[in-house]
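Take 116 as the starting number for the sequence shown in the numbering used here and just add one per residue.
Beta carbons are placed, not taken as given, at the ideal position from N, Cα and C, and that holds for glycine.
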Amino acid sequence: MGPVTESPRPVRTWLTDMDGVLVREEDPIPGAKEFIAALREQDIPFLVLTNNSIFTPRDLRVRLLRSSGIDVPEDSIWTSALATAQFLDDQRPGGSAYVVGETGLTAAVHDIGYVMTDQSPDYVVLGETRTYSFEAITRAIRLINDGARFIATNPDPSGPSSQGMLPATGSVAALISTATGRAPYFIGKPNPLMMRSALNRLEAHSETTVMIGDRMDTDIISGLEAGLRTILVATGATERHQVQNFPYRPTMVVDSIADVVPYVGKMLLPEDA
């Protein structure tokens, strides 16, 4: 009797990274508008994911629409700030936190009913900000030393800006860890928890969901570990020739998001056939 071959899994839900897949800085990547439009026209569930915790989904929607012409509904944007707030609410409902970050993170933590305080908080929550305050970092270090649990939205060490590279959450987390001897729990990619929380938001299943990303070491690995099929686009951090350097591989590698548009609404990816 021959081996049992599973039938190909249909594609019912899409997750996609934002920076490097849909936009580069503020500029749209060709095919991005068409990809989102195709998903919306066919009423296919999707989320746009970002490790950036600075902006609220409402902010990001407006920024994408005004700068890039990409029309993503507010409730189709899932940030590391929202995933972090969801984690806190699941772990310790109605708790308290000292938050170092901007509106995207403070609003998310506020919306789950948390009290934001610097007096014996349950958590220190570190997120992205363009104006890190040494006073705030020092306060975070002291609170962690006093027993607060250390959470960070994402491990990205740096991020781009129009003026050049900026230190990001991972770099500041390293500073705090060096001072306290305590490592944070990172919620955002490559933690597959980010993918799992996105799937839960959509009430979707990993077996029928595809993740699109531009980084092998965040998007693709977290999608893979969450049980999703993955597509790497060569318009961001990882170039085609670098894929072979990793011990894992995506389901597909394409030049850009424009190459994915024909598969929207199709029940199979080429590798599934």
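Coarse secondary structure for residue i, derived from DSSP in three states
i: Thr131; result: strand
i: Pro307; result: helix
i: Met280; result: coil
i: Ser273; result: strand
i: Ala251; result: helix
i: Ile256; result: helix
i: Gly117; result: Summary for Gly117: the model assigns pLDDT 42, below 50, so the residue's position carries little reliability, and this model does not support an answer.
i: Gly382; result: Checking the sequence shown, residue 382 turns out to be Met, not Gly. It is coil, neither helix nor strand.
i: Arg344; result: strand
i: Gly296; result: coil
i: Gly328; result: strand
i: Val287; result: helix
Cβ shell of residue i (< 7 Å), same chain only, five flanking positions each side left out
i: Glu386; result: Thr366 and Met367
i: Thr353; result: Asp329, Arg330, Met331 and Leu347
Contact belief for residue i with residue j at Cβ below 8 Å, rounded distance in angstroms
i: Ser182; j: Glu243; result: Not confirmed; about 18 Å, so no contact.
i: Tyr300; j: Ile266; result: 5 Å
i: Ile227; j: Ala263; result: Not quite, the Cβ-Cβ distance comes to about 17 Å (not below 8 Å), so this is no contact.
i: Phe161; j: Trp129; result: 4 Å
Cβ-heavy atom distance, residue i to the ligand ATP, below 7 Å
i: Val375; result: This structure lacks the ligand ATP, and indeed carries no ligand of any kind.
Close Cβ partners of residue i (< 6 Å) along its chain, the five nearest in sequence each way excluded
i: Gly117; result: Since pLDDT at Gly117 reaches only 42, below the 50 mark, its modelled position is unreliable, and the value read off the structure follows with that caveat. Closer than 6 Å at Cβ, skipping near neighbours: no residue.
i: Val239; result: Tyr213, Ala255, Leu258, Ile259, Ala263 and Phe265
i: Pro305; result: Thr333, Ile336 and Ser337
i: Met133; result: Val163 and Thr165
i: Arg173; result: Glu189
i: Pro270; result: Gly285 and Phe301
i: Gly351; result: Gly135 and Asp329
Same chain, Cβ closer than 8 Å to residue i, neighbours up to 5 away in sequence not counted
i: Thr295; result: Ile256, Ile259, Asn260 and Phe265
i: Val369; result: Ile346, Leu347, Val348, Ala349 and Val375
Range of the contiguous beta strand (DSSP E) that encloses residue i
i: Ile336; result: Here Ile336 belongs to no beta strand (DSSP E); instead the alpha helix (DSSP H) covers Ile336 to Glu340.
i: Phe361; result: No beta strand (DSSP E) contains Phe361, which DSSP labels as neither H nor E.
i: Arg264; result: Arg264 to Ala267
i: Val240; result: Tyr238 to Leu241
i: Val369; result: Met367 to Val369
Quiz item: Mind pulling the alpha helix (DSSP H) runs of 4 or more residues that sit fully within the stretch 138-217?
Solution: DSSP runs (the alpha helix (DSSP H)) wholly in the stretch 138-217: 147-156, 172-178 and 195-206.
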